[in-house]
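Residue numbers (the working numbering), protein chains in the order written: chain A, 519 to 935; chain B, 76 to 332. In this text, a Cβ means the ideal position worked out from N, Cα and C, and glycines have one as well. Computed from a prediction, not measured in an experiment: that's the story for all the values here. Have a look at the structure below, then the notes.
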Amino acid sequence: MSAEPGVAARGVTKRSLDALLALHGAGAIKPGARYDALARYEELPARAIIRGGRGWKHDLAKLDLSGIVPFDRDGAELDLETLVPAARRAGVVIERFSLARERHRAEFERAFGRAFDTRDDNFASLALAFQNHGAFVHVPAGVVLEEPILIGYEAREAALFPYTLVSLGDGARVTIVERLGAASASAFVCGIVELVVGDRAHLTYVADQRTPADARLIFNRRALVGADAQLDVGLAELGGGHAVSRFRALESARGARTGVTAVFFSDGDQHVDLETETVHAAGATTSETVVRSAGTGRGQGRYLGNIKILADAHGAEASLRDDALLLSPGAHIDSVPALEIAANDVKAFHGATVGAISEEELFYAQSRGIERRAAERMIALGFFEPAVARFPTDGLRVAIRAALENKLAPAEVESSV
Amino acid sequence: MSERGLRISGLTTSVDGNEILKGIELEVAPGSVHALMGPNGSGKSTLAFSIAGHPSYAVTGGSVTVDGEEMLGLPPDKRAKAGLFLSFQYPAAIPGVSVANFIRTARQAIHPDDLTPAKFRAMIFEKLDVLDMDAAFLSRYVNDGFSGGEKKRLEMLQLAMLAPKYAILDETDSGLDVDALRAVGNSVNALRASDAGKDIGFLIITHYPRILQHIAADRVHVMMDGRVVTSGGPELANDIERDGYDRIREEFGASVG
Numbered sequence: 519m520s521a522e523p524g525v526a527a528r529g530v531t532k533r534s535l536d537a538l539l540a541l542h543g544a545g546a547i548k549p550g551a552r553y554d555a556l557a558r559y560e561e562l563p564a565r566a567i568i569r570g571g572r573g574w575k576h577d578l579a580k581l582d583l584s585g586i587v588p589f590d591r592d593g594a595e596l597d598l599e600t601l602v603p604a605a606r607r608a609g610v611v612i613e614r615f616s617l618a619r620e621r622h623r624a625e626f627e628r629a630f631g632r633a634f635d636t637r638d639d640n641f642a643s644l645a646l647a648f649q650n651h652g653a654f655v656h657v658p659a660g661v662v663l664e665e666p667i668l669i670g671y672e673a674r675e676a677a678l679f680p681y682t683l684v685s686l687g688d689g690a691r692v693t694i695v696e697r698l699g700a701a702s703a704s705a706f707v708c709g710i711v712e713l714v715v716g717d718r719a720h721l722t723y724v725a726d727q728r729t730p731a732d733a734r735l736i737f738n739r740r741a742l743v744g745a746d747a748q749l750d751v752g753l754a755e756l757g758g759g760h761a762v763s764r765f766r767a768l769e770s771a772r773g774a775r776t777g778v779t780a781v782f783f784s785d786g787d788q789h790v791d792l793e794t795e796t797v798h799a800a801g802a803t804t805s806e807t808v809v810r811s812a813g814t815g816r817g818q819g820r821y822l823g824n825i826k827i828l829a830d831a832h833g834a835e836a837s838l839r840d841d842a843l844l845l846s847p848g849a850h851i852d853s854v855p856a857l858e859i860a861a862n863d864v865k866a867f868h869g870a871t872v873g874a875i876s877e878e879e880l881f882y883a884q885s886r887g888i889e890r891r892a893a894e895r896m897i898a899l900g901f902f903e904p905a906v907a908r909f910p911t912d913g914l915r916v917a918i919r920a921a922l923e924n925k926l927a928p929a930e931v932e933s934s935v
Numbered sequence: 076m077s078e079r080g081l082r083i084s085g086l087t088t089s090v091d092g093n094e095i096l097k098g099i100e101l102e103v104a105p106g107s108v109h110a111l112m113g114p115n116g117s118g119k120s121t122l123a124f125s126i127a128g129h130p131s132y133a134v135t136g137g138s139v140t141v142d143g144e145e146m147l148g149l150p151p152d153k154r155a156k157a158g159l160f161l162s163f164q165y166p167a168a169i170p171g172v173s174v175a176n177f178i179r180t181a182r183q184a185i186h187p188d189d190l191t192p193a194k195f196r197a198m199i200f201e202k203l204d205v206l207d208m209d210a211a212f213l214s215r216y217v218n219d220g221f222s223g224g225e226k227k228r229l230e231m232l233q234l235a236m237l238a239p240k241y242a243i244l245d246e247t248d249s250g251l252d253v254d255a256l257r258a259v260g261n262s263v264n265a266l267r268a269s270d271a272g273k274d275i276g277f278l279i280i281t282h283y284p285r286i287l288q289h290i291a292a293d294r295v296h297v298m299m300d301g302r303v304v305t306s307g308g309p310e311l312a313n314d315i316e317r318d319g320y321d322r323i324r325e326e327f328g329a330s331v332g
């Protein structure tokens, strides 16, 4: 017998998994796979964040999940955009993850697990075990959607374990914006995003995360990019108290192209831990990674960026550019870009900077009548702009700029002209 | 005598503990054009930065007033609001901030709410035209990847858009080709011919007299070793063109580094 849901079944234990399955059923992930994943979560080590990093207070190995309730009694609603009729006629699928295997078995099974083997990561295993939310998007071969698809997740009292599975057939094109918010200040979210991009397809995927200041978030996202396909990924990690965001793209076939853009801005006591990795596994693949981050207050950040060019990736071209701006003496950002190159005839570039706003820029703006605080805000916003400009849709860029602006000395807003 | 004017008296400034300005006396009346010439190292740019309020230049004495209001002690933005404008010799780049946004913000700071967005646009297009600049310039990031000529044109665009009371042009002619120099001259002359610009007092700091062939100076001052050593009419610039600074150096015995 399972425990009374929501009362005794706390924590990420077998007992609470029993309760989750009793309440909601297994959905698209079979019970056996869930129990296996839970066992792996318990066995696999949590990769510790910077040991002894200055000001870093979170250690994933010591993360206490004993208090979380891993399901929502009512089943929180997923905010999925309804399809325009033309898209539906073209065979585009947008489905709640739990119903996806049942309703779209062939499409689901072709994609599920192709880009993401959760067995090598403890939190991906945890997310798989307790998956209680999610979306499946499938765009058939040759179908081009002009309007972006919006997927909204909102965490409440219960922990959220979303799984987003996106599959694009050959030559398909779509933009997907995944928005993560939280109605509860102390939300816990542990999610998986799996992106399968068919040959010559073009997927633009954005994660727009703006949860409250105490939320804890761990996201693992992985993509498989096909021949001559294009993947553009944007990660806006602008909320949460402790946000872990990991992205990995595997360029598995010739001519695959990946663009990764990420912004984060740690303020207050926020900790953001971002990792991106692009693996060039085939010839003539390209990747371009642009990361802009800032820290203010006692905000902490870490960016670990890796470009891997495997031995067969002849003619690969990769660039990684990472710049961090420190706006207060208490803020700290570590930046660790890395290149691993096993092929000879490749072009690879990486560069990283961490610094403060230059006095010369400030003086220049002030000499034009712009008050110092306003000049700092302007320069800091401008610092993010090369990354923000790479995000799709005007609405998204405006929203990201506004979120960044809010973090820039919001108390000064009334006093500035 | 009216209080109007940019007045610099007894100004002394140190940089890293070395006294660079040793008591500058200068007065620029509204609508007048003064040229300040001098060899490298005489302290011309230090004077410009001291007037504008650069934090690295420690003013140790004297006074700088704009129409009677003391500037020393004010932050740079307050000095700009009081009517000062400095055209930089080496303007800073502000990546990610567009020229249009920057100038709009500056205009709004100095002349709050005096222009509708439509009027602002019309005005900036008119000024661009005088400077022989393309509208695409407006969406570029401030001085980011600009050529020397583009940077100076942007300084002149800001000067025209901000319409200050007193403008200091620090080596605006340096590094410019003939076309860019002519564009700078046209811009300043067009501004001086306009209602908004006819009362602007100019202090044109330059090493070479050639900019004065495009902008006519009423007075020419020569600075050496942190002091204004001599002043005269436009003919003084011609003397310098002919003889260099040697004759003045001999005459006034200034030690110049």
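Sort out for me which residues DSSP pairs residue i with in a bridge.
{"i": "A842 (chain A)", "result": "A:S811 and A:V872"}
{"i": "S685 (chain A)", "result": "A:H656 and A:V714"}
{"i": "T87 (chain B)", "result": "B:K97 and B:G136"}
{"i": "V662 (chain A)", "result": "A:R691"}
{"i": "A831 (chain A)", "result": "According to DSSP, which records beta bridges pairwise, A831 (chain A) is partnered with nothing at all."}
{"i": "M896 (chain A)", "result": "Per DSSP, none; premise fails for M896 (chain A)."}
{"i": "V906 (chain A)", "result": "Its beta-bridge partners do not exist; DSSP assigns none."}
Should residue i and residue j be called a contact, given that it needs their Cβ atoms to be closer than 7 Å?
{"i": "L683 (chain A)", "j": "F654 (chain A)", "result": "yes"}
{"i": "L232 (chain B)", "j": "K194 (chain B)", "result": "no"}
{"i": "A271 (chain B)", "j": "A238 (chain B)", "result": "yes"}
{"i": "R621 (chain A)", "j": "G585 (chain A)", "result": "no"}
{"i": "E230 (chain B)", "j": "S162 (chain B)", "result": "yes"}
{"i": "P666 (chain A)", "j": "V695 (chain A)", "result": "yes"}
{"i": "R191 (chain B)", "j": "G136 (chain B)", "result": "Note that residue 191 (chain B) is Thr in the sequence shown, not Arg. Against a cut-off of 7 Å, the Cβ pair of G136 (chain B) and T191 (chain B) comes out as no contact."}
{"i": "D293 (chain B)", "j": "S89 (chain B)", "result": "no"}
{"i": "F855 (chain A)", "j": "A870 (chain A)", "result": "Looking at the sequence provided, one finds Pro at residue 855 (chain A) rather than Phe. Yes, these two residues count as a Cβ contact at 7 Å."}
{"i": "I286 (chain B)", "j": "E879 (chain A)", "result": "no"}
{"i": "L828 (chain A)", "j": "A860 (chain A)", "result": "yes"}
Hey, quick one: how far does the alpha helix (DSSP H) through residue i stretch, first residue to last?
{"i": "K97 (chain B)", "result": "It is not in any alpha helix (DSSP H) - K97 (chain B) instead sits in the beta strand (DSSP E) that spans N93 to V103."}
{"i": "I199 (chain B)", "result": "P192 to V205"}
{"i": "D274 (chain B)", "result": "Here D274 (chain B) belongs to no alpha helix (DSSP H), and DSSP marks it neither H nor E."}
{"i": "Q884 (chain A)", "result": "E877 to Q884"}
{"i": "S306 (chain B)", "result": "Taken as a continuous stretch (DSSP letters only), S306 (chain B) belongs to no alpha helix (DSSP H), being part of the beta strand (DSSP E) at R302 to G307."}
{"i": "D152 (chain B)", "result": "P151 to A157"}
{"i": "F626 (chain A)", "result": "R623 to A629"}
{"i": "T180 (chain B)", "result": "V174 to I185"}
{"i": "S643 (chain A)", "result": "N640 to A647"}
{"i": "I323 (chain B)", "result": "D321 to F327"}
Please look up how many angstroms separate the CB atoms of residue i and residue j, rounded, as I've assumed it's under 8 Å.
{"i": "F765 (chain A)", "j": "T794 (chain A)", "result": "5 Å"}
{"i": "L742 (chain A)", "j": "T776 (chain A)", "result": "Wrong, their Cβ atoms sit about 11 Å apart, outside the cutoff."}
{"i": "A551 (chain A)", "j": "L646 (chain A)", "result": "7 Å"}
{"i": "G260 (chain B)", "j": "H296 (chain B)", "result": "About 20 Å separates the two Cβ atoms, so there is no contact after all."}
{"i": "P105 (chain B)", "j": "G276 (chain B)", "result": "5 Å"}
{"i": "V711 (chain A)", "j": "F679 (chain A)", "result": "Actually they do not touch by this definition, with Cβ atoms about 12 Å apart."}
{"i": "A677 (chain A)", "j": "P588 (chain A)", "result": "5 Å"}
{"i": "A629 (chain A)", "j": "T636 (chain A)", "result": "The pair is not a contact, with the Cβ atoms about 14 Å apart (cut-off 8 Å)."}
{"i": "G823 (chain A)", "j": "T803 (chain A)", "result": "About 17 Å; that fails the 8 Å criterion."}
{"i": "L686 (chain A)", "j": "G709 (chain A)", "result": "Going by Cβ atoms, the distance from L686 (chain A) to G709 (chain A) rounds to 20 Å, so no, they are not a contact pair."}
Within the continuous beta strand (DSSP E) that includes residue i, where are the two ends?
{"i": "S125 (chain B)", "result": "Looking at the DSSP string, S125 (chain B) is not in any beta strand (DSSP E); the run it does join, the alpha helix (DSSP H), is K119 to A127."}
{"i": "G777 (chain A)", "result": "R775 to S784"}
{"i": "K826 (chain A)", "result": "Q818 to I827"}
{"i": "A856 (chain A)", "result": "H850 to I859"}
{"i": "N738 (chain A)", "result": "R734 to V743"}
{"i": "I942 (chain A)", "result": "The requested residue 942 (chain A) does not occur in the structure, where chain A is confined to residues 519 to 935."}
{"i": "A242 (chain B)", "result": "Y241 to D245"}
{"i": "H542 (chain A)", "result": "Unbroken run through H542 (chain A) is the alpha helix (DSSP H), K532 to H542; no beta strand (DSSP E)."}
{"i": "G670 (chain A)", "result": "I667 to A673"}
{"i": "L111 (chain B)", "result": "V108 to M112"}
{"i": "I612 (chain A)", "result": "V611 to R614"}
{"i": "R764 (chain A)", "result": "H760 to E769"}
Flag residue i as yes when its Cβ comes closer than 6 Å to any non-hydrogen atom of the ligand ZN, and as no otherwise.
{"i": "G609 (chain A)", "result": "This structure lacks the ligand ZN, and indeed carries no ligand of any kind."}
request  = Can you give me, in chain order, the residues of the stretch 114-148 of chain B that have a beta carbon less than 7 Å from any beta carbon in chain A?
outcome  = Correct list: A127, H129 and P130.
ask   = Of all the residues that make up the stretch 878-890 of chain A, which are near chain B by a beta-carbon distance shorter than 8 Å?
value = The residues in question are E878, E879, F881, Y882, A883, Q884, S885, R886, G887, I888, E889 and R890.
ask   = Using a Cβ cut-off of 7 Å, which residues of the stretch 618-631 of chain A contact any Cβ in chain B, in chain order?
value = Against chain B - using a Cβ distance shorter than 7 Å - the stretch 618-631 of chain A contributes no residues.
query = Looking at chain B, which residues of the stretch 775-795 of chain A have a Cβ within less than 9 Å of any of its Cβ atoms?
reply = Flagged: no residues at all.
message = Can you pull out the residues from the stretch 185-210 of chain B whose beta carbon lies closer than 7 Å to at least one beta carbon of chain A?
response = The stretch 185-210 of chain B vs chain A, Cβ under 7 Å: I185 and P187.
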